[in-house]
Amino acid sequence: MNNFEWNFTTNLVYGPGRLSELGDLVKPYGKKVFLATYERNEAFAPLIDKTIDILKSNNIDYVIYEAIEPNPRVTTIDEGIKLFKESGCDCIVALGGGSVIDGSKYIAATAFSGGSCWDYVVLGDRKPKEYSGAYPIVAIPTVSAAGSEVNAGGVLTNWETKEKSFSRSEYRIPKVAIIDPEVLATLPLSITKDSAIDIFSHLIERYLSSPDLSEFADRLTEGMILTLRDTLDQLIINPKDIEARGTLALCSIFGWQGIQALGRMGTIPMHSIEMPLSGHYDIAHGRGMAIVIPPYLEYFAENLPGRWAKLARRIFDVKEEDDLAAAKLLAPKVIEWFERVGMYYKLSDMNVTDEKFERMAEDVMRMFGNPEEDKIASIIPTSVNDMINIYKLAL
Ligand SMILES: [Fe+2]
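Going from the sequence shown to our numbering is simple: count from 1 and add 803.
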């Protein structure tokens, strides 16, 4: 097991109906709330209105920013930062999925520290600007996916340069996350399925990241993958199943928060390979991961067969004793599962051709690669060619 440090600083407030406690939960953190959320549509409007009513009935002053889109854009977030400062807000309530929460993190920290949100993301060998602090955030997730409501990460898309990148900052970890399964049950099934695959991608990204031993991490991860699979089956039958919504939320939160990876904190660049799909084609992140995971698992099965084989045997009932043979069965087993839950997608299903594969792979290398080696550092160093081959397998 590798050395580690781990803490969990967010106050996790769980339970059906607990959105109603927002007033008391936000009051300690500010006097004027910046309520950041998606653009209003028919399905989402009642939840926005309900949140506003709770703020009003608690006499909390607020400004509303109904503008954050999936794959939040630099221009939208910079606009939000301007409004936050002009209106004299001092805390944020983020009502939405990972995009809204990530965008809110950039607003909270950049409004405090100055500049544009894009100054702070990882971008090749450029040294990202460092925050000097952040305004406090109360997160109300409406999607269970990356657990952004309890972590330091955040992803942004620069639509002008077609780049998608990220950063992490402890300043931006939400103070409170209200996990209300009744709120989560408002999410349409198709987005729920996308986000379930995103949760799976997070779980395997660390599990497959090195041959280092950490049986504790392995068993936690395996338990969460099995739980995720069962829960997704329940939600396909009944998307309003409150108990299943709560379980999915816990899989998303603890599937990417670090506890599932104690002793093996490495990563493989599956997420980096997916990023151009959002940057160039605006494909939803979870759908993009569903496209990238099977070819990635197929392409690299021979590089770390021990880990691939362990996952195949423990989760997908593979009986094969030879590691390499078992490793090669992982991708087909995952495809079988994706097909069963209606989540097996190819790039061609999204009308993506091979036209930009080279540019996409070069973008990833420029942003995340090690310029000296021309590879993305990982237990399996990944070249531009490897990425192009994975995109081709995804066609
Ligand atoms: Fe993800």
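By construction, the Cβ of each residue, glycine as well, lies at the ideal position given by its N, Cα and C atoms.
Q) Whose C-beta lies closer than 6 Å to the C-beta of Met1092 among residues of the same chain, with five residues either side of it excluded? A) Within the sequence shown, the letter at position 289 stands for residue 1092. Closer than 6 Å at Cβ, skipping near neighbours: Ile1000, Asp1001, Ser1004, Glu1077.
Q. Is it buried or exposed for Ser860, if we count other Cβ within 10 angstroms and need 16 for buried?
A. In the sequence shown, residue 860 corresponds to position 57, counting from 1. With fewer than 16 other Cβ atoms within 10 Å, it is exposed.
(Q) Do Ile871 and Thr879 have their beta-carbon atoms positioned less than 9 Å apart in this structure? (A) Position 76 of the sequence shown, counted from the start, is the residue given in the question as residue 879. Position 68 of the sequence shown, counted from the start, is the residue given in the question as residue 871. Yes, Cβ-Cβ distance for Thr879 and Ile871 is below 9 Å.
Q: Report all residues from its chain with a CB closer than 8 Å to the CB of Arg843; omit the five preceding and five following residues, and keep chain order.
A: For the purposes of this step, residue 843 is taken as the residue at position 40 of the sequence shown. Around Arg843: Ile851, Glu869.
Q: Name the residue from Lys908, Lys1159, Leu1127 whose alpha carbon lies nearest to the alpha carbon of Pro977.
A: By 1-based counting over the sequence shown, the position of residue 977 is 174. Measuring from the Cα of Pro977, the nearest candidate turns out to be Lys908.
Q.
Looking at the secondary structure, which residues open and close the beta strand (DSSP E) in which Arg1090 lies?
A. Your numbering for residue 1090 matches position 287 in the sequence shown. Counting along the chain, Arg1090 falls outside any beta strand (DSSP E), though it belongs to the alpha helix (DSSP H) covering 1088–1102.
Q: Return yes when at least one heavy atom of ligand 1 lies under 8 Å from the C-beta of His1074, else no.
A: Numbered from its first residue, the sequence shown carries residue 1074 at position 271. For ligand 1, at least one heavy atom lies less than 8 Å from the Cβ of His1074.
Q) Do the region 1113–1120 and the region 1023–1036 touch if we need at least three Cβ pairs shorter than 8 Å? A) They touch, by the three-pair rule.
Q) Touching or not, the region 1168–1175 and the region 1049–1064, by the rule of three or more beta carbon pairs under 8 Å? A) Segments in contact, no.
Q) Considering only residues of the same chain and omitting the five flanking positions on each side of Glu1139, which have a CB-CB separation below 6 Å? A) One-based indexing of the sequence shown puts residue 1139 at position 336. Excluding sequence positions up to five before and after Glu1139, its CB lies less than 6 Å from no other CB in the same chain.
Q) Assuming Ser902 contacts Pro944 under a Cβ cut-off of 8 Å, what Cβ separation, rounded to an integer in Å, is found between them? A) Along the sequence shown, read from residue 1 onward, the residue named residue 902 stands at position 99. Along the sequence shown, read from residue 1 onward, the residue named residue 944 stands at position 141. With 8 Å as the limit, Ser902 and Pro944 do not qualify as a contact, their Cβ atoms being about 11 Å apart.
(Q) In this structure, how does DSSP classify Cys894 when only helix, strand and coil are distinguished? (A) Here residue 894 refers to the residue found at position 91 of the sequence shown. Cys894: strand per DSSP, three-state reduction.
Q: Identify whether Pro939 lies in helix, strand or coil by the three-state DSSP scheme.
A: Taking the sequence shown and counting its residues from 1, the one referred to as residue 939 is at position 136. In this structure, Pro939 counts as coil in the three-state DSSP scheme.
Q) Is Leu898 near Thr840, with beta carbons less than 9 Å apart? A) The count along the sequence shown starts at 1 and reaches residue 898 at position 95. The count along the sequence shown starts at 1 and reaches residue 840 at position 37. Closer than 9 Å, so yes.
Q.
Once the 5 residues before and after Asn1192 are set aside, which same chain residues still bring their CB inside 7 Å of it?
A. Mapped onto the sequence shown, residue 1192 falls at position 389. These residues qualify, in order along the chain: Tyr1102.
Q) beta strand (DSSP E) containing Arg1048: first to last residue? A) For this step, residue 1048 is matched to residue 245 along the sequence shown. Arg1048 -> not in any beta strand (DSSP E); alpha helix (DSSP H) instead, spanning 1045–1057.
Q | CA nearest to the CA of Pro1098, picked from Tyr1148, Arg1110, Ala1128 | A | As a working note, residue 1098 is residue 295 in the sequence shown. With distances taken between Cα atoms, Pro1098 lies closest to Tyr1148.
Q.
In this structure, how does DSSP classify Arg1067 when only helix, strand and coil are distinguished?
A. By one-based count along the sequence shown, residue 1067 stands at place 264. Note: Arg1067 maps to coil in three-state DSSP.
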